[in-house]
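Engineer:
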Amino acid sequence: MSPADTDRSDLQPRHPRMNSPAGAARFSQRRRLSIVLTLNLALIGGLVIVGVTANSVGVLAAAGDTVADSIALVLGLVAVALRDRDPDHPRANRPIAIVALINAAILIAVTISVAIEAFARLAEGSPAVLGFPMAVVSLITLAVMVAGALVLGLSAHREDIHMKSVLLDTLADAAAAAGVLVAGVVIWLTAGLYWLDPVIALVLAAVIGYAGARLAAQAIAALRGADIDFDND
């Protein structure tokens, strides 16, 4: 057998990153993030339309949060692709931390805008809100967010700071949708209690703001070279 025959296997194309467990996990990250992004984009239009027509600041808060999450998912896909070009580089995870910081800034901006609108409604007297469409779109949002969390996998928070932020955002959005759903049902059944809408919006703002501040602190620490404990929520 000639040396050429012996080395023939070396001529076959190889994809070590895709064949290794780490490479497979990173490919899986891109696929999972793409699915969750698609779910979020499908929701945004419905949330905005219902939020405007039902005059619900709670639904509009959910829409703003979903837009922020979608932007973060797009940036996250870019960051994962950049990392996977050279996963062994000492700063391979730096784009992930940068995206997490951008995500945190967007979440904080959403928090401020929602809080301002909610306080204004409470101060001026809460206007009438259509509870039924508010409840329906919140139920759909809850189902979509639960599906997104299942797609990501509950162990995603152990992978890296971006996957952790996406999972936490998805779970927080599911809880927020449940809160808006309850408020919508109460408003619908009582044909009143409209103050529940801005109050729920303030609760959502607090949850979103806390998540954004915590994520910002972790992202800054990661950019400074600190090891982040992804199991410590």
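Just so you know, the sequence shown maps onto residues 435 to 667 in the numbering used here. Here a beta-carbon is modelled for each residue, glycine too, at the ideal position from N, C-alpha and C.
Beta-carbon separation of Gly618 and Gly582 under 8 Å?
Structural biologist: Taking the sequence shown and counting its residues from 1, one reaches residue 618 at position 184. Taking the sequence shown and counting its residues from 1, one reaches residue 582 at position 148. Against a cut-off of 8 Å, the Cβ pair of Gly582 and Gly618 comes out as no contact.
Engineer: Cutting at 7 Å between CB atoms, please list the residues of its own chain near Ser615, excluding the five before and the five after it.
Structural biologist: Locating residue 615 in the sequence shown gives position 181, counting from the first residue. What sits at residue 615 in the sequence shown is Leu, not Ser. Hits under 7 Å: Ala569, Ser572, Leu573 and Leu576.
Engineer: Just to confirm my understanding: we take Val470, look at its own chain, exclude 5 residues before and 5 after, and list those with CB closer than 8 Å. What are they?
Structural biologist: Locating residue 470 in the sequence shown gives position 36, where the first residue counts as 1. Leu507, Gly582, Val585, Leu586, Val600 and Thr604, listed in sequence order.
Engineer: Just to check my reading of the structure: Ile540 and Ala515 have Cβ atoms closer than 8 Å, yes? What is that Cβ distance to the nearest angstrom?
Structural biologist: As a position in the sequence shown, residue 540 is number 106, starting the count at 1. As a position in the sequence shown, residue 515 is number 81, starting the count at 1. Not confirmed; about 20 Å, so no contact.
Engineer: Taking contact to mean at least 3 C-beta pairs separated by less than 8 Å, is the segment 528-536 in contact with the segment 475-491?
Structural biologist: Segments in contact, no.
Engineer: In terms of residues, what are the limits of the alpha helix (DSSP H) holding Asn537?
Structural biologist: Within the sequence shown, the letter at position 103 stands for residue 537. Asn537 -> alpha helix (DSSP H) spans Arg528 to Glu558.
Engineer: Give the DSSP-derived three-state secondary structure of Asn474 in the structure shown.
Structural biologist: Indexing the sequence shown from 1 puts residue 474 at position 40. Helix at Asn474.
Engineer: Helix, strand or coil: which one does DSSP assign to Pro632?
Structural biologist: Taking the first residue of the sequence shown as 1, we reach residue 632 at position 198. In this structure, Pro632 counts as helix in the three-state DSSP scheme.
Engineer: Give the straight-line distance between the Cα atoms of Ala655 and Ala562, rounded to the nearest whole angstrom.
Structural biologist: As a first step, residue 655 is located in the sequence shown; it is residue number 221 there, counting from the start. As a first step, residue 562 is located in the sequence shown; it is residue number 128 there, counting from the start. One C-alpha to the other measures close to 45 Å.
Engineer: With a Cβ-Cβ cutoff of 8 Å, do Val493 and Leu481 count as a contact?
Structural biologist: Numbered from 1 along the sequence shown, position 59 holds the residue referred to as residue 493. Numbered from 1 along the sequence shown, position 47 holds the residue referred to as residue 481. For Val493 and Leu481, yes; Cβs fall inside 8 Å.
Engineer: Are there 16 or more other CB atoms within 10 angstroms of the CB of Ala513, so buried, or fewer, so exposed?
Structural biologist: On the sequence shown, position 79 is the one that residue 513 refers to. So Ala513 counts as buried.
Engineer: DSSP state of Ala495, grouped into three classes?
Structural biologist: Along the sequence shown, read from residue 1 onward, the residue named residue 495 stands at position 61. Ala495 falls in the helix class under three-state DSSP.
Engineer: Starting from Leu576, trace the alpha helix (DSSP H) both ways and give me its first and last residue.
Structural biologist: In the sequence shown, counting from the first residue as 1, residue 576 sits at position 142. Here the alpha helix (DSSP H) through Leu576 covers Gly565 to Leu586.
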